[in-house]
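Heads up: the structure comes next, in structure tokens.
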Amino acid sequence: MEISMDLTTISGLVVANISDADSWNGVYSNIQALQAITAILSIIGSGFVSGYAFFQYGLKLQEACSFFCLSVSNLLLAICWLLGAFVFRKSDFSRDIVCYNIQAVGQILYLSTFFYTVNYMWQLCKSLKRTLDNTLDPISNTERCIAIAASIVSSVLPVCLAVPKLYIGNSNGCYGNSTNPHSCLVVNVGSLITIDWQAYTNDSCKQIHLYGTSGFLFVFFLTAVSMLVLLGYVLYFLRARQITDEQRVVIVMTKWRLLLLMIIFFFCSMSAVMLAFRKLVNHAEKSEIDEILYYFQAFTAVSQGFFSFLAFWFTLCLERNLKQKSCHDVETQTLLMRSQKRQYASTQTTNVHAAQLQRTFLNRSRATTDIAV
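Going by UniProt numbering, the sequence shown wraps up at 373, each residue one higher than the last.
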């Protein structure tokens, strides 16, 4: 009787687990389709941006080089998650290894986009400072070496952070006999957990999961703080400075680029951060909040290249409009009118004096026009 009761209980638990997994199969299938679509859009967008940056500006300018590296990183990240969507499956032990390593590579590329974003913002700040200081001297070898070192660190550091996860995870079989059909999906980025927490019988796997999740959250907060510091530096640098018309265009474009970079960063990473934090604090999944975050993450975490393409196209059109407007204002002004503009700005003291100066310059302008005619 005891054996039969035990078998009945076990069979009931198995049926409950299977039904619970079946109820989420539709969610995972939808996430797979959404992940594939966003990955394709991101590949197209980041491929166009990286190609434009390479052929239009080359890799001579540090700003263009850092922007090209960011675009290539977004391109590789989208390719990785597109591969994960193709390898998506319900259960296959041989593919558990592949999915675990796809997750590791995806997180490496995900973190590299964080570092490259900060690097690109730093280059924008340096370029703005050189423009406002009217520095025409070529970039020194020291600055060039620092920029190259920053690009190398942005690629090497994520790999170094992922080496323990790759080595310990593969050597201890942390991919396990997964019963969850989401091992190859983007929903695991930030935590690298491909099976239920209770299924981990090896302490090394639990420790490496804790290391991967806490490391991802630490890099995110470090990147966020670095962005805010750079933005504060730009705002502080622009205080109490005399700005020319040409410099005003550069300032507006730099502000827009910095703002859009920060918006894309937080929009595309907040869902992954929230899911990683939930898995770090509470290992139980299968809730409505997790389902919403899964869909949102499948849309945002994979589409960084696509949103970067939209931001690039917006800033490119805005820059052209600002330059055309500036050139149009210059062409419609005579030399006398431009000199009046400068003298008004320097001698405008009171309303009475301003009115007198205006009448004087208008009379001179009419006289000059009569002589010309």
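Idealized CB from N, CA, C, for every residue including glycine.
Local Cβ density within 10 Å of residue i, reported as buried at 16 or more and exposed below that
i: Ser339; result: The pLDDT assigned to Ser339 is 47, lower than 50, so where the model puts this residue is not dependable; a value taken from the coordinates is nonetheless given after this. Its Cβ having fewer than 16 others within 10 Å, Ser339 is exposed.
i: Tyr110; result: buried
i: Gly51; result: exposed
i: Tyr116; result: buried
i: Ile79; result: buried
i: Ala104; result: buried
i: Glu143; result: exposed
i: Leu222; result: exposed
i: Ile263; result: exposed
i: Ala149; result: exposed
i: Gly26; result: exposed
i: Ile208; result: buried
i: Ile152; result: exposed
i: Ile102; result: buried
i: Cys184; result: buried
i: Thr244; result: exposed
i: Tyr167; result: exposed
i: Ser171; result: exposed
i: Val156; result: exposed
i: Gln348; result: With a pLDDT of 44 at Gln348, under the threshold of 50, the predicted position of this residue should be treated as unreliable, and no value is reported.
For residue i, the nearest candidate out of the options (CA to CA)
i: Lys54; options: Phe68, Gly169, Ser42; result: Checking the displayed sequence, the identity of residue 54 turns out to be Phe instead of Lys. Of the listed residues, the one whose Cα sits closest to Phe54 is Phe68.
i: Gln32; options: Gly84, Val234, Asn141, Ile289; result: Gly84
i: Gln140; options: Gln304, Leu61, Ala104, Leu75; result: In the sequence under discussion, the amino acid at residue 140 is Ser, which differs from the Gln named in the question. The shortest C-alpha separation from Ser140 is found at Leu61.
i: Ile169; options: Phe88, Cys268, Ser204; result: Here residue 169 is Gly; the residue named in the question, Ile, does not match the sequence. The option with the nearest alpha carbon to Gly169 is Ser204.
i: Phe237; options: Leu210, Gly215, Gly212, Arg130; result: Arg130
i: Leu230; options: Thr38, Leu166, Lys126; result: Lys126
i: Gln297; options: Ala276, Phe314, Phe312; result: Ala276
i: Ile37; options: Leu280, Ser303, Arg239; result: Ser303
i: Ser112; options: Tyr167, Leu70, Leu128; result: Leu70
i: Thr254; options: Ser73, Tyr295, Met121, Tyr28; result: Met121
i: Leu210; options: Asn321, Leu322, Val281, Phe314; result: Val281
i: Lys165; options: Tyr57, Asn134, Ile97; result: Ile97
i: Leu217; options: Lys323, Phe266, Val252; result: Phe266
i: Leu260; options: Ala311, Ser226, Phe299; result: Ala311
i: Ile108; options: Tyr57, Ser154, Tyr28; result: Ser154
CA-to-CA distance, residue j to residue i, given in whole angstroms
i: Cys317; j: Val250; result: 14 Å
i: residue 374; j: Gly173; result: Here the chain comprises residues numbered 1 to 373, so residue 374 is not present and cannot be evaluated.
i: Ala64; j: Leu228; result: 22 Å
i: Val234; j: Val163; result: 36 Å
i: Trp81; j: Glu246; result: 42 Å
i: Met274; j: Val186; result: 14 Å
i: Val189; j: Leu132; result: 41 Å
i: Gly232; j: Ala224; result: 12 Å
i: Gln35; j: Ser66; result: 27 Å
i: Lys325; j: Arg248; result: 12 Å
i: Pro158; j: Val87; result: 24 Å
i: Gly106; j: Tyr100; result: 10 Å
i: Ile40; j: Leu75; result: 10 Å
i: Asp20; j: Ile292; result: Bear in mind that a pLDDT of 47 at Asp20, under 50, signals an unreliable position, so the number given afterwards is only what the model happens to contain. For Asp20 and Ile292, the distance between alpha carbons rounds to 17 Å.
i: Ile289; j: Ser269; result: 16 Å
i: Phe307; j: Ala272; result: 17 Å
i: Phe48; j: Ser42; result: 10 Å
i: Leu124; j: Gly45; result: 21 Å
i: Tyr295; j: Arg278; result: 16 Å
i: Asn17; j: Gly212; result: Bear in mind that a pLDDT of 40 at Asn17, under 50, signals an unreliable position, so the number given afterwards is only what the model happens to contain. Rounded to the nearest angstrom, the two C-alpha atoms are 27 Å apart.
i: Tyr219; j: Cys160; result: What sits at residue 219 in the sequence shown is Val, not Tyr. So the two alpha carbons sit approximately 13 Å from each other.
i: Lys341; j: Gln242; result: With a pLDDT of 47 at Lys341, under the threshold of 50, the modelled position of that residue is not reliable, and no figure is offered here.
i: Ile146; j: Thr315; result: 27 Å
i: Arg239; j: Arg320; result: 26 Å
i: Trp256; j: Phe309; result: 14 Å
i: Gly305; j: Val118; result: 16 Å
i: Ala301; j: Asn30; result: 15 Å
i: Phe114; j: Lys323; result: 31 Å
i: Gly215; j: Val252; result: 35 Å
i: Leu77; j: Tyr57; result: 23 Å
i: Trp313; j: Val72; result: 17 Å
Limits of the alpha helix (DSSP H) - the one that residue i falls within
i: Cys205; result: 203-237
i: Leu185; result: Counting along the chain, Leu185 falls outside any alpha helix (DSSP H), and DSSP gives it neither H nor E.
i: Trp87; result: Sequence inspection shows Val at residue 87; the Trp mentioned does not correspond to that position. First-last of the alpha helix (DSSP H) with Val87: 62-87.
i: Gly169; result: 141-171
i: Ala298; result: 288-300
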